[in-house]
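A short worksheet on the structure shown next.
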Amino acid sequence: MTFLAGPEVWYEFIRSSALWKDMKNLISERIEDLRDILELPSALREQQMSDDLIRGAISELRTFITTIEDDSLLLAEIREQFNDIES
Numbered sequence: 495m496t497f498l499a500g501p502e503v504w505y506e507f508i509r510s511s512a513l514w515k516d517m518k519n520l521i522s523e524r525i526e527d528l529r530d531i532l533e534l535p536s537a538l539r540e541q542q543m544s545d546d547l548i549r550g551a552i553s554e555l556r557t558f559i560t561t562i563e564d565d566s567l568l569l570a571e572i573r574e575q576f577n578d579i580e581s
């Protein structure tokens with residue numbers, strides 16, 4: 495699980511390559527990774543990813559989703575998955 499590229503980089507790559515289905519899969523995978531970590535007991539979760547990194551990853555996903563809101567028909571499904579981990 496890596497959040498190396500910022501949301502703008504993801505967006506430009508996806509827009510230029512027209513891989514909208516892959517975009518949904520990429521975001522869904524990141525959301526599932528975060529969900530798995532958040533479901534761990536606190537001590538194990540901290541070994542996987544610090545709370546600051548988790549908040550940063552959620553913030554990156556939020557920014558990315560906001561960036562693509564006007565362009566994506568897949569957003570509703572992605573947003574539903576994201577809302578589960580954001581709360």
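Note that our numbering gives residue 573 to position 79 of the sequence shown, counting from 1, and the numbers run on in steps of one. We treat Cβ as the ideally placed atom computed from N, Cα and C, and that holds for glycine.
Judged by their CB atoms, ARG573 and ILE559 are nearer to each other than the 8 Å cut-off.
Remark: C-beta atoms of ILE579 and ILE521 do not approach each other more closely than 8 Å. Counting every other CB atom within 10 Å of its CB across the protein chains shown gives LEU538 a total below 16, marking it as exposed.
Taking all protein chains in view, the Cβ of GLN575 is crowded by 16 or more other Cβ atoms within 10 Å, so the residue is classified as buried. In the displayed model, SER581 falls within coil according to three-state DSSP, outside both helix and strand. Pairing PRO535 with GLN541, the inter-Cα distance amounts to about 10 Å. The straight-line gap separating the alpha-carbon atoms of GLY550 and ASP516 is approximately 22 Å. Membership of SER553 in the alpha helix (DSSP H) is indicated by the continuous run 545 to 562. Here LEU534 carries a coil assignment [DSSP, helix/strand/coil].
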